[in-house]
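Numbering-wise, the sequence shown is residues -27 to -1, 1 to 128 according to mature numbering (1 follows the signal peptide of the UniProt record, and there is no 0). Let me begin by presenting the structure, written as structure tokens, before commenting on it.
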Amino acid sequence: MRILIRVLAAAFALSTFALLAPTSAEADEVRLVTSEATHVIDAEIADTDEERRTGLMFREEMAEDAGMLFEFGMTREVGMWMKNTLIPLDMLFIEEDGTILTIVRNTKPLSLDVIPSGGPVRYVLELNGGAAKRLGVEPGDKVEHESIPPAGDSS
């Protein structure tokens, strides 16, 4: 009987953990356009409240050319944090036309400090810590994705 109870308890714990494990948002191509090159990132798109709340929490690793693009639906000042985020990230805060406003590099895993956008933005692209430097990405560079209207397009 004790063995059955232990087996059932273990099964319950595993099923609960599976329900709490992060789910991946749909991946899409995002392009980082610098003065030197265009880099393609395989980014998960976080465009729902649930996806934005979860973000990259609980991930132990992320592919070198991967990331997550947060789409907020409107331009505003935003604050991000690293709660339950196990890997350092670079955060690119992006204006409505795709221009990178601010880059916060190598954020501290698990920190509860708020990371401000530094101005009104509509998007945030999270990359592995150090990726922005490795790719030569700087404020003023552009991010392209189907959800980002081209410059001069008011849609």
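No residue lacks a Cβ here, since even glycine has one placed at the ideal position from N, Cα and C. Source: prediction; values computed, not measured.
- Excluding the 5 residues flanking it on each side, residue 34 has same chain C-beta neighbours closer than 8 Å at 60, in chain order.
- The DSSP assignment places complete beta strand (DSSP E) segments of no fewer than 3 residues inside the region 42 to 92 at 62 to 67 and 73 to 77, in order along the chain.
- The count of Cβ pairs closer than 8 Å, one atom from the region 78 to 94 and one from the region 20 to 40, stays below three, leaving the stretches out of contact.
- The alpha carbon of residue 32 has as its nearest neighbour, out of 50, 108, 56 and 109, the alpha carbon of 56.
- Going by DSSP, residue 108 is part of the alpha helix (DSSP H) stretching over 104 to 108.
- Within its own chain, the residues whose Cβ lies closer than 6 Å to the Cβ of residue 25, once the five positions on either side in sequence are excluded, are 19 and 43, listed in chain order.
- Of the other Cβ atoms in all chains shown, fewer than 16 fall within 10 Å of the Cβ of residue 10; this residue is therefore exposed.
- Contact check for residue 71 against residue 115 passes: the beta carbons are separated by less than 7 Å.
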